[in-house]
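Taking numbering that gives the first Met the number 0, the leading residue of the sequence shown gets 0, the next gets one more, and so forth.
Ideal Cβ placement from N, Cα and C applies to all residues, glycine included.
Take a look at the structure below.
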Amino acid sequence: MEKVSILYGSFLIIWGVVVSLVSDSSSLTSYIPSFLGCLIFFFAILAIYIPSKKKLLMHIVVIIGLVVFIGGLDLLRNFSNIFDSFWPDISKLIMMLSGLFFTYLCIKSFIHARKQRVE
């Protein structure tokens with residue numbers, strides 16, 4: 000899961016930068032996916048280099064992934080005006096869907112790891 004987390008963190012970093020550049024945004028909020036992606040990337044790298052703290056670090060990663068999902072849910076707040084502001088709404092949609100999928104993968108991985116420990 001560490002490698003998947005590094006890929007997902009990289010994706011969020013690139014996504015935030017690309018959306019900010021394409022939309023010509025001067026707001027720091029357009030970089031929120033990038034900030035969260037940096038955290039995921041950082042903690043996943045630490046989990047690889049500090050195996051004794053892997054469990055703690057990967058739990059931090061999944062919490063950040065959940066924050067990505069919850070942040071994307073902001074899209075539903077303005078559901079009647081959805082896609083009025085195209086790039087911010089697309090970014091929130093990507094955050095919501097990718098954060099949900101990433102959190103799901105992390106939970107499945109935790110369940111698998113626990114089953115492996117029991118057997």
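- S84 sits in coil when the DSSP states are folded into three classes, being neither helix nor strand.
- Nearest neighbour of S29 by Cα position, chosen from L11, R116 and M57, turns out to be L11.
- Rounded to whole angstroms, the separation of the alpha carbons of F40 and V16 is 15 Å.
- Contact between I93 and W14 holds, since their C-beta atoms are separated by about 6 Å, short of 8 Å.
- Closest in C-alpha terms to T102, from the list C37, V61 and K52, comes V61.
- Between the beta-carbon of L56 and that of I49 there is about 7 Å, and that keeps the pair under the 8 Å contact cut.
- In this structure, DSSP gives D23 a state outside helix and strand, which the three-state scheme calls coil.
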